[in-house]
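S.K.: Residue numbers (this note's numbering): 3 to 107.
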């Protein structure tokens, strides 16, 4: 899944998003998300690259735990047949939740 395909998928959530990070002071009101690629796994042999898969991270930031938004995201990921892991953390200094989805694309 290339960057354009990821953007096309994320547009369906109808919340602001950006690759990697918003410029300081320009983040929209919650909720919003960021996405980025965190490395790549490859299969190579005999000096050739046979297969490459990128590690996609989607981070959603919300004011409080948002079960409805998480369900919407998870349904969307399943629509695209993306298998993911999920973590969450409260960020006290920012007073927001971060929900992190990790998957290979």
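Even glycine gets a Cβ: it sits at the ideal position worked out from N, Cα and C.
Thinking just about the alpha-carbon of each residue, which of 74, 84, 44, 32 is nearest to the one in residue 66?
M.R.: 32
S.K.: Could you check the C-alpha separation between residue 93 and residue 52 for me, to the nearest Å?
M.R.: Approximately 40 Å between the Cα atoms of the pair.
S.K.: With three or more C-beta pairs closer than 8 Å as the rule, is the region 52-62 touching the region 94-103?
M.R.: Cβ pair count under 8 Å is three or more, so yes.
S.K.: Can you name the residues that DSSP bridges to residue 104?
M.R.: 59, 87
S.K.: Please say whether residue 39 and residue 12 have beta carbons closer to each other than 8 Å?
M.R.: At a Cβ-Cβ threshold of 8 Å, residue 12 and residue 39 do not count as neighbours.
S.K.: Considering Cα atoms alone, identify which of 19, 54, 70 is closest to residue 3.
M.R.: The residue with the shortest Cα to Cα distance from residue 3 is 54.
S.K.: Terminal residues of the continuous alpha helix (DSSP H) containing residue 78?
M.R.: 69-81
S.K.: Just to confirm before moving on: does the CB-CB distance between residue 85 and residue 15 stay below 8 Å?
M.R.: no
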